[in-house]
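Quick note on numbering: the sequence shown equals residues -30 to -1, 1 to 421 in mature numbering (1 follows the signal peptide of the UniProt record, and there is no 0). Worksheet: the structure to be examined is printed underneath.
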Amino acid sequence: MSSTRRPKSRSLRRTAVAATSAALAGVLLAACGSGGGSGSGTTGSGPVHIKVWAWYPQFKQVVAEFNKTHKDVQVDWVQAGVGQDEYTKLKTALKAGQGAPDVVMLEFQELPTIQLTKGLLDMGKYGANADKGNYVDWAWKQSSDGDHVYAIPVDGGPMAMMYRADLFKKYDLKVPTTWAEYKEEAAKLHKADPNAYMTDFGSDETAAGWRQGLTWQAGSRPYTYSASKLPDIGVKLNDDNAKKVYEYWGDLVKNKLVDTQSYATTDFYNGLSTGKYATYIAAGWGPGYLSSVAKKTAGKWRVAPLPQWTAGGNAQGDWGGSSFAVTSQTQHPKEATEVARELFGTSEAAWKIGIDQAYLFPLVKPILNGAYFGDKKYDFFGGQQINKVFVPAANGIGTFDWSPFQDFAYNTDTGEVGKALQGQTAWSSVNDNVQDQVSSYASKQGFKVSK
């Protein structure tokens, strides 16, 4: 589950960026050495107890299912915070050499940062490579480096367009299949009702992954990174595809065709629930999110594929996603790896909990492409089998590298977007400004940066 589903404190993220900045340079110097720690865990003649940090309440039922079906290994679940709250505690424990869990939930973009500190166990040494064929390719590649496996994918956020079918009918709008059509329909809607917008442009830090997902779909690949090739890293945040996306949305903003409320705020929720927004460009976990914040609109929404930059195209992007990783402090690497692999894995019982109650979007192929998930009807979407849209999107996503300084990059991007919204900088300059700042930051941390 992506922690992007909840608002992220601006000060908290800045604290995380500062802490990461202070540590990265020293970490990079030691990255070619061996890592390790005192670890955690339980010894004795009974079952091995594995401590797991994960942040959604429905996980209690998943743990109960695992413990019921495993005799020699038992999971002890701890809710150590959501997203950055958890990451801060984890980094503190790893630095101290004690206090980290055996298994931890991490978003994909966080993996390079934690792995760089030698905080993650290579599960490839304990059989995890056998799972490679079970997962969609792009997610597995984000969790591994060659034969080194640092995490097991859980859920993802393939993107699609949710739209208000009643509003599209009222204003005689066409369901757009390209971004050019999306802009045309946005203009038509706003002309008919100046108080209505096609959507809200995600301009704050909560939506940084949303913006990244849209550039991902457009073909932008801002980083070229492999832990095995340190200190080399490629940084290209201002390629033509990224600029195309930002200038497109900047034009929609300037022409007042989209709103600019911060995500995960009361005004944003109201926009989704009152008909102010005709569409919501969202991820595969979005249906659960939308149904919880806009309950009174039940039955009015539908899901369509993400508009394309080229007519007839099939380019996809992702927003959010999580994995289970084993920390280097575990005293039970074999059992911890088993837990990471099998908490969800291909378990239909566990995944029914994840899908129906936690709104997780599975990345494990037997569940993702199975009938239960694909044929599931959603009352909130008028009985539509919405995964008929999301599943092909998930299977069509291209590979993508994250950086070991993703928090800084997101923070910088949000700052430059904010300047553009205030008219302090041109939208055409946003990506160049971000490129300069992130490249400079990476170089100061000891990375050898190329474009």
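Using N, Cα and C, we set each Cβ at its ideal position, and we do this for glycine too. Only a predicted model underlies this, so the values are computations on that prediction, with no experimental measurement involved.
Below-7 Å beta-carbon distance, residue i vs any chain B residue
{"i": "G269", "result": "As a matter of chain content, chain B is missing from the structure shown, which is built from one protein chain."}
Range covered by the alpha helix (DSSP H) that runs through residue i
{"i": "K140", "result": "135 to 140"}
{"i": "W397", "result": "397 to 414"}
{"i": "S373", "result": "Element bounds for S373: n/a, residue is neither H nor E."}
{"i": "Q85", "result": "81 to 86"}
{"i": "E77", "result": "Premise fails: E77 lies in the beta strand (DSSP E), 73 to 77, not in any alpha helix (DSSP H)."}
{"i": "L159", "result": "149 to 162"}
{"i": "L60", "result": "54 to 66"}
{"i": "Q112", "result": "107 to 113"}
{"i": "P303", "result": "303 to 312"}
Reduced DSSP secondary structure (H/G/I, E/B, other) of residue i
{"i": "G126", "result": "strand"}
{"i": "K213", "result": "helix"}
{"i": "Y329", "result": "coil"}
{"i": "H40", "result": "coil"}
{"i": "T230", "result": "coil"}
{"i": "W47", "result": "strand"}
{"i": "V334", "result": "strand"}
{"i": "K355", "result": "According to the sequence provided, residue 355 is Gln. The question's Lys does not apply to it. Note: Q355 maps to coil in three-state DSSP."}
{"i": "V223", "result": "helix"}
{"i": "Y120", "result": "coil"}
{"i": "Y96", "result": "helix"}
{"i": "Y26", "result": "coil"}
Exposure label - residue i; buried when at least 16 CB within 10 Å
{"i": "A412", "result": "buried"}
{"i": "D42", "result": "exposed"}
{"i": "residue 423", "result": "Residue numbering for the chain in the displayed model covers -30 to 421; residue 423 lies beyond these limits and cannot be assessed."}
{"i": "Q405", "result": "buried"}
{"i": "K265", "result": "exposed"}
{"i": "Y57", "result": "buried"}
{"i": "P27", "result": "exposed"}
{"i": "Y380", "result": "buried"}
{"i": "K414", "result": "exposed"}
{"i": "P164", "result": "exposed"}
{"i": "G241", "result": "buried"}
{"i": "I122", "result": "buried"}
{"i": "N403", "result": "buried"}
Paired residues, beta bridge with residue i - DSSP
{"i": "W186", "result": "DSSP output for W186 lists no bridge partner at all."}
{"i": "T194", "result": "G204"}
{"i": "Y342", "result": "In DSSP, Y342 forms no bridge with anything."}
{"i": "L91", "result": "The partner list for L91 (beta bridge, DSSP) is empty, contrary to what the question assumes."}
Residue interval of the beta strand (DSSP E) (run including residue i)
{"i": "D202", "result": "202 to 205"}
{"i": "K418", "result": "418 to 420"}
{"i": "I20", "result": "18 to 23"}
Segments assigned alpha helix (DSSP H), at least 4 residues, entirely inside the region 237 to 299
If we require 4 residues or more, the alpha helix (DSSP H) runs fully inside the region 237 to 299 come out as 256 to 263.
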